[in-house]
Each structure stands twice: as structure tokens, then as C-alpha cells.
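Below you'll find the structure, written out as C-alpha cells, and then a few comments.
There are 2 protein chains.
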Amino acid sequence: MPHVLGSIILVRMRQSDQREQEHRPMSTCLVAQSGGPTAVINASLAGVIRANQLNPLYDRVLGGIHGIEGVLADQLYDLTDLSEHDLELLRQTPSSALGTCRYKLKRDDEADFRRLADVMDAHDIETMFYIGGNDSMDTVDALAEWAAENAPSKRFIGIPKTVDNDLVPVDHCPGFPSAAKVACQITHATRLDYDAYTRPEVFVLEVMGRDAGWLAASCCITGDVDLLVLPEVAFDRDAFLAEVRAKFEATGSCYIVVSEGARYADGTYLSAGDTAHDGFAHAVLGGAAQTVKQMIVDTGIVPRGVVQDLSRAARSSNFAQSLVDVTEAYDLGMSAHMRSADPAFTGQVVGIRRNPEAAAEGRYEAELFAGPASEFANFVKRFPAEWILPNYQGITPEAVAYFRPLIEGEPKLVMKGGIPATIVPFNKR
Amino acid sequence: MPHVLGSIILVRMRQSDQREQEHRPMSTCLVAQSGGPTAVINASLAGVIRANQLNPLYDRVLGGIHGIEGVLADQLYDLTDLSEHDLELLRQTPSSALGTCRYKLKRDDEADFRRLADVMDAHDIETMFYIGGNDSMDTVDALAEWAAENAPSKRFIGIPKTVDNDLVPVDHCPGFPSAAKVACQITHATRLDYDAYTRPEVFVLEVMGRDAGWLAASCCITGDVDLLVLPEVAFDRDAFLAEVRAKFEATGSCYIVVSEGARYADGTYLSAGDTAHDGFAHAVLGGAAQTVKQMIVDTGIVPRGVVQDLSRAARSSNFAQSLVDVTEAYDLGMSAHMRSADPAFTGQVVGIRRNPEAAAEGRYEAELFAGPASEFANFVKRFPAEWILPNYQGITPEAVAYFRPLIEGEPKLVMKGGIPATIVPFNKR
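Quick look at the structure:
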């Protein structure tokens, strides 16, 4: 690829004197994905690949198959020259096109660190980009810390993603806005469906969020939700049932959104069943929504109910990508790559902040920034208490104002046979 | 409304001599919706309203709130002059904007027929359009039959809708294509999500279809489904589990689609639980997918599984309207209204056939036709046996060719705040 080589030389010449003096050999970067997939995690991947095509800091861009797990097993896929068309499809392909893992590196087990360094050496990998959530940012932090002592030329950079939106130092996390957009659409559509009937029945929608209720809370922005059950508020069975009864008495209907992580004061998840709390002898199986429906029926408020669980469908549905989300996810990938031109850039994560001046003027504007991985890892940002209305009544206008701009806009999707076109995942090739 | 009156007179003058000689007074038409909502049932409603604006055969278009149930209670809403903008939003508003019911008129109970005729008389209603499924077409048939003897000036015309696609004399039913489009998108997206993992787990998607497996079968068109369980094939637990085991042995994964109506040879629904069939002592609660997942886990093929149930989300999601579907649903409403210019047109339903010449050339082209309501009622068109592969292996290429054109195209949706805009349902005003 002489023309690519040419531009690398040009670019390198434009870089700082310090780097020119280094005369570093051509190197490689590695990008991998980890944790639960989202609708835009591949947009971040596309951003890294495209950035290197625009400015080939690295000779090659390798993808790690199934996250750190596959990298340790030397399972890599060359992404350097992905075509413009494939990059366009990659941006709109949901789930992790490289495959994912839930493998967590342990700081006290150096064997994995050593093995990873060996794989990196074997492929001349200088920089590893890791796209993931809380645990993955901890991995970035641990690797950078270890490398500072043991492999100073190796660098580790994080790109956040999560449908849970629970990372601390950012305004929001890529993946969450698209999941919220799906959830809002289905909330509104199923509310209309529910409202078409006259028969007394309760509707309970369950959405993801084991530790934080961001996604459940976002369902309230269309005004369709009567009652909201969040992990942030200890579930009080009697108080909740009183609210359900009041809604039926006032309006003849009750549409409820429950976070999968909803729990009692003693920490027991509603999804574990209601046996311990309802005084009934039979076990209630299933998720939190099923439990809530069953307790309402058992209490005799209404004779029947409908449950809709949006677990996997919400997080991976590319047909409702938020334009804001896909753009930001792509930009984070680009930004991480571009910032890695600085040889001192390691142990860092790029994230999104909301521009405060624009916000003060009522506009939404995102700013990208970089911060230490340690600030992104091992904390859970819960949905703010001050945005929660008492008695399961939903969220405040401030919360609605936070959510609204995130779900704006729709990318122009490339369709094939009536559904959004996707690429064949690299882990399946 | 002098200009409307004027055009009515003009139109009437252009009609047959017979009608001119009748000197009929200005009359009204009524349109109502019944049964389970779909994503495009309101497009048919918009078609009726718009047709009357283009050619005011009727002085007023009244909407019956909550189907025949509300009409009997004299709950009507004037739709005559709905604005162009509201009609545009109505077309993309999912669920039944007039509200729905599951009330079935009984042929041997004349009181309801008499009461309906009285309501029609009170509002000078000549023609009633009923948008609904199998039962609703039976209602149209029964009413037309009764009116022939007892109220000869009253006419009853059916417009079909169903997500189940199980009406007999048509190629397909409005509402089904959009539900299939949602189901295909979520099948493809959740398959990608599933494929991102390495851990052994089974994925089971459940879709609607109590008596017919059209919607479940349509999930197979993207090639993402490993095993398909339809109501049309008696479920054989051992044979099925052998196929699941074989898929895991061959590929390490198994993605299953189950119709909610899946049943054993003795007629027991899988959704009723597996207790009677699995030899295990514990009850399995939940839907068919939950039962299938549990039997796979209990058999020890894999230690865990994921269930995604698409019940309400699939049938009412306007964000994935099929352009073919919404256009055809609208056209059926228009066509029913236009055909009602013929005073002899009663007890009829308008439906869709596939143009055979176009089909022979590999093109899809729909033809509208009208047929007796009796041919639409009281039959269930099951998914054809010759389109089902043995051993739960999915569907034939002929079935894929049938489905493919139905989910083509996307209407340009009017968006509001990041989700498709809708009108306030008439039953909620």
C-alpha cells in the first residue's frame, strides 16, 4: 500500500519533533469490544477504523475477537482497509461486530497481563482501544497501570458504552440514547394499544437496568407512564398497590414501567419473585414485571394484566438508532484514535459532557473530553434522587429535559429486503 | 358547509339514474374498529375519511367508539372534516384510534340488531364500515343478513385487519406485514446480539399467533432462525430437543422462534406449562417461549437461556410500518368507501389478492377485490403445510418469496421529540 505508507510518512512528519526524533517503527493498534452489546457500539468501532484511514497513525487496525478473551487467545481480525460501504453498514449494525465477552482481568493475576503483552508484541501492537462499560474501563485502568511498570511502550485507551447509562464522569453513555429511543417508542405504541381496550387490565413494561433506572425513567418522557418502579427507590408493596388502586379508580387504567433491577428495602429483587413479600403460598416466577402484574391481580385490583419485557429487543435494535447517539459514538471512536497520536495518552477514557453554555440557552451540545480510566471504573451513577417524583409517579421536568435531546434524529439507514442492512459480524467470519 | 353540500349534489348527479330517481336524503356513514389493534388499522380509517372528503357520498363520517360496543351505547365521534395533517398522523398512529372491543353480536339475539338499527336511524346512518378480523367480518355478515329482512336501507361493509394473517380469501391481511417487519427486525437484531457471546445459552423469541403461525414463520426470512415452532405442527418434545442438541453440537448456538399458539398433539398449549409433558415436578409458568427455554435448560443441553416475548410490541409498533402495508390498508379504506357508492353493496368485504401475472414475472403487485363477508368469517387460514420444513427447520423458499415483498419500504414518518408523532385517540378525547 505505497499511498498509505506515503500518507503515514507525511503525517508523521507533521507530528511533534519529539516523535520524529523517536524514529519509531510502524506499529499497530488493536480495538476490542466488551460487555453487553448496544445499538451503536459498532459506530465507535467504525470511528476508530475510519480515523486511521484519514490519518494512518498505525500501520494496521486489528480487531480483537470476543474482547480481551479472544485477544488473550490471539484471535484477531484485520480491519485496516474496511471499505466505505462496510463502514457505513458497520455504523448501523447493532450488537458487537467483533463479538463480546464478560472476562474481567484480575489485578492480582499477572499471567493474563503478561500473556496480553506477548500477543501485543507478536503483532507490534502499540495501542489498545477497549470499547465497553464499567468493568472494561477498569480493565483499561489496570492494564495501563501494569504497563507503566512492565511495558512502557504499550498504551490502553477506553471508549465507553452502556445501555444502562451508569458511568460517573460523563453526561451520558453511547448506547443508552438509542435504547431509550426504542423504549420510548414502544412505551408510546403499547400505551396506545392498551388504551384501545375497555376491559380492566394492568399493563407492565419491563426494561433493562440492574443497578440504575435511567432506561426505565426515560420511558416517562412521552407522558404515557402512570407509575414508575426504579432500582433507586426501595419497593414498598403496600404503598405501590395503593397507587395502582388509585390510578384505576381515577382513570380506569394503569400503565406501569418497571426496571429489571427493582428491589425491596432488604435488597431482594422483585424478579426473584414475590413469595417472601406477598403472603401468598405460590411462587411467582419470571421478571420484575411479571411479579408486579401478579401481585396486582392477586390483590384483586383488576382480574388480568399484560406484561411486555423489552430486554434484548431494546438494547440491540438498530431500527431506532438515535442520530445523536450514533454520531456521538462514532465521534468517540474517532476522538480516541486521534488523541492517541500523543504517546503519553494512556489509561484514559474519552467521554461526553453537555456544554453548559448551550444548555443554559436551552440548546443541546456535546463536548468530548478525556479523563483517567479510574474515574470511569467501579462507580455506578444512579438515576438522581432529585429527579424522582414520590409515590412512583414518574420523573421531574428536569429529567425530561435531560433525556429529550438524546433521542433526537434518525440516521438514514441503508435497508435491505425491508430491514436495516448489517455486516456479517467479524467473529462469525 | 355549503361547498361540501355542493359537491355532494354534483357527485350524486353523476351517479346512476336509479340513485337519482331515489332522491335519497343526505346520509351518514359510520366507521368502527374491532379486535386486536395493528400498526396500520388507522390507515384504513384514514382511507375511509379521506375518500369521503374527495367524494362526499355521505354528509358525515362518524366514528364508533370502542367498536360495536360503543355504537350500541351511541358513542360516536364526528370524523368528517379531519384535517390533512391529522389524517397524515392518523395513518402512522398505531393501535385503534377509535378504541376497540371484543364484543361479538349473536345471531340469535335480535335485541342488539334492533338497538344498532335504532342508533343508525337516530343519526341517519346508511352505511357502516367495520374494520376488524375474523369475528368482525362475521358481524358484518350477520348484520347485512338481518338488515336485508328488517332494515333494507342499511348497509354493512367490512375492511379486514389482523396481525395473525389468518383470513381465508385474501393473499394477506393489513396489519400483518408491519408486524412481520417489526418481528424480522428484532429477530435479526437479537440474533446479532446473541451471536456476540461465547457462553452457551439458548435464545427463544415468542411472537403472536394463537391459531396460525404466519408471524412466527415470517421471522425466518432473514435466515437468522435455527428452529421454528408453529401451531400448525404438533409439538413433539423429544424430537424437538434432539434438534436443539444437534444445533448446539454443530454450531454452539441455537436461536429459536416460537409461536404463542404452539401446542402438543393433545391440544395443550406450551404456554400452559410443561408439567404434563416433561416429567418434572415443578410447574413452568409463563408463555410458550419460557416453557421451551425451561425444558432445554432442565434437559441439560445448556445451562441458561434468554427469552424475548414480542407480544404487544410487535403488533403496535408504528416505527416499523411497512410501506406496502400502510398503503394497502389505506387503499382498502378508500376502496370500501368508493364501492359503497353502489347502493347494492352490502355484506361485502374488500380484500387484497396478489396479481398472478406480476407474480409470474417475479414482481409483487396487489389487486383489491370485494367478496361476501361470509367467505371472510369463521375460517382460519393456517400457515401452509407445504411451506413448513420438517423437524422444526423453518420455512421453504416459496414461503420466503411470499413474505419478502410484504415488508418492503418505509413511509416517511412525521417525528416529534424523537419518536413518531401520533394523534390523540378519539376514545380518549
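So the protein lines, in turn, are chains A and B.
So the first sequence is residues 153 to 581, counted in the numbering used here.
So the second sequence is residues 153 to 581, counted in the numbering used here.
Beta carbons: idealized from backbone N, C-alpha and C, even for Gly.
Margin query: Please tell me whether R491(A) and V501(A) are closer than 8 Å, where the distance is taken between their beta carbons.
Written below: Contact check for R491(A) against V501(A) fails: the beta carbons are separated by 8 Å or more.
Margin query: By the three-class DSSP mapping on this structure, what secondary structure does L319(A) have?
Written below: coil
Checklist line | Beta-carbon contacts of P563(B) that lie in its chain and below 6 Å, excluding the five residues immediately before and after | finding: Q473, L475 and V478
Item checked: Distance, G413(A) Cα to G361(A) Cα -> 6 Å
Check: What residues in the segment 179-211 of chain A bring their beta carbon closer than 7 Å to a beta carbon of chain B?
Finding: P189
Next item on the list: Assign H434(A) to one of two classes, buried (16 or more other C-beta atoms within 10 Å of its C-beta) or exposed (fewer than that).
Entry: Model confidence at H434(A) stands at a pLDDT of 46, short of 50, so the residue's coordinates are unreliable and nothing is read from them.
Item checked: Terminal residues of the beta strand (DSSP E) in which V183(A) lies -> T180 to Q185
Item checked: Pair within 8 Å by beta-carbon distance, V359(B) and L379(B) -> no
Margin query: To be precise: take each residue of the segment 332-343 of chain B, compare its Cβ to all Cβ atoms of chain A, and keep it if any distance is under 7 Å. Which residues remain?
Written below: K333, C336, Q337, I338, H340, A341 and T342
Note to self: Ignoring anything shorter than 4 residues, give me the alpha helix (DSSP H) runs that lie fully in the segment 296-384 of chain B, in order along the chain.
What the structure shows: If only complete runs of 4 or more residues are kept, the segment 296-384 of chain B shows the alpha helix (DSSP H) at 328-347 and 366-370, in order along the chain.
Checklist line | Nearest neighbour of Y554(A), chosen from C371(A), A203(A), A303(A) and L268(A) [CA to CA] | finding: C371(A)
Check: Does any C-beta atom of chain A lie closer than 8 Å to the C-beta of S463(B)?
Finding: Proximity of S463(B) to chain A, defined by a Cβ-Cβ separation below 8 Å, is satisfied.
Check: Closest Cβ-Cβ distance between G499(B) and chain A: below 8 Å?
Finding: Chain A places no beta carbon closer than 8 Å to that of G499(B), leaving this residue out of the contacts.
Notebook entry, point to check: Which residues in the same chain have their Cβ closer than 7 Å to the Cβ of F510(A), if we skip the five residues on either side of it in sequence?
Noted result: As written in the sequence, residue 510(A) is Ala, which differs from the Phe given in the question. Closer than 7 Å at the Cβ level, and outside the excluded window around A510(A), lie Y516 and E517.
Margin query: Does the contact criterion of 3 or more C-beta pairs under 8 Å hold for the segment 344-356 of chain A versus the segment 452-466 of chain A?
Written below: yes
Next item on the list: With 8 Å as the threshold, decide whether the Cβ of R556(A) is near any Cβ in chain B.
Entry: yes
Next item on the list: May I ask you to report which of helix, strand or coil DSSP gives F400(B)?
Entry: helix
Notebook entry, point to check: For G569(A), which residues in chain B fall below 9 Å Cβ to Cβ?
Noted result: Ordered by position in chain B, the residues that pass the 9 Å Cβ test against G569(A) are C336, I373, T374, R556, I559 and E560.
Next item on the list: Return the residues of the segment 232-254 of chain B that lie within a Cβ-Cβ distance of less than 9 Å from chain A, sorted by chain order.
Entry: Within the segment 232-254 of chain B, the residues whose Cβ lies closer than 9 Å to some Cβ of chain A are T245, P246, S247, S248, A249, L250, G251, T252, C253 and R254, listed in chain order.
Checklist line | Boundaries (first-last residue) of the alpha helix (DSSP H) holding A553(A) | finding: Looking at the DSSP string, the run of the alpha helix (DSSP H) that includes A553(A) is P549 to F555.
Checklist line | Any chain A beta carbon closer than 8 Å to S469(B) | finding: yes
Next item on the list: Compute the distance between the beta-carbons of V449(B) and S330(B), then report whether it is under 8 Å.
Entry: no
Margin query: Going residue by residue through the segment 487-552 of chain A, where are the continuous alpha helix (DSSP H) segments of at least 4 residues, counting only ones entirely within it?
Written below: List check, alpha helix (DSSP H) in window: 508-512 and 525-528.
Check: Beta carbon of F308(A), beta carbon of A299(A): below 8 Å?
Finding: yes
Check: Does P563(B) have its Cβ less than 8 Å from a Cβ in chain A?
Finding: no
Check: Which residues share a DSSP beta bridge with D418(A)?
Finding: D418(A) pairs with nothing; no bridge assigned.
Next item on the list: Give me the Cα-Cα distance between M447(B) and V458(B), rounded to the nearest whole angstrom.
Entry: 13 Å
Margin query: Run through chain A and tell me which residues come within less than 9 Å of E221(B), C-beta to C-beta.
Written below: T350
Margin query: Is it the case that the segment 205-219 of chain A contacts the segment 537-552 of chain A, given that we only count it when at least three CB pairs across the two stretches are under 8 Å?
Written below: Counting C-beta pairs with one atom in each stretch, the segment 537-552 of chain A and the segment 205-219 of chain A have fewer than three that are closer than 8 Å, which means they do not touch.
Note to self: Helix, strand or coil for L228(B)? Go by DSSP, reduced to three states.
What the structure shows: strand
Notebook entry, point to check: Among L367(B), I408(B) and D323(B), which residue has its Cα nearest to the Cα of P508(B)?
Noted result: D323(B)
Item checked: Neighbourhood of E583(B) by C-beta, 6 Å cutoff - its chain only, sequence neighbours within 5 removed -> Any question about residue 583(B) goes unanswered here, given that chain B covers just 153 to 581.
Item checked: Contact list for D345(A) against chain B, beta-carbon separation under 8 Å -> P189, P246, S247, R464, R467 and S468
Checklist line | Exposure of G404(B), with buried meaning 16 or more beta-carbon neighbours within 10 Å | finding: Note on G404(B): under 16 other CB atoms within 10 angstroms of its CB, so exposed under the neighbour-count rule.
Notebook entry, point to check: Taking Cβ-Cβ distances shorter than 8 Å, what residues in chain A pair up with S474(B)?
Noted result: G570
Next item on the list: Could you give the DSSP three-state label for D461(A): helix, strand or coil?
Entry: strand
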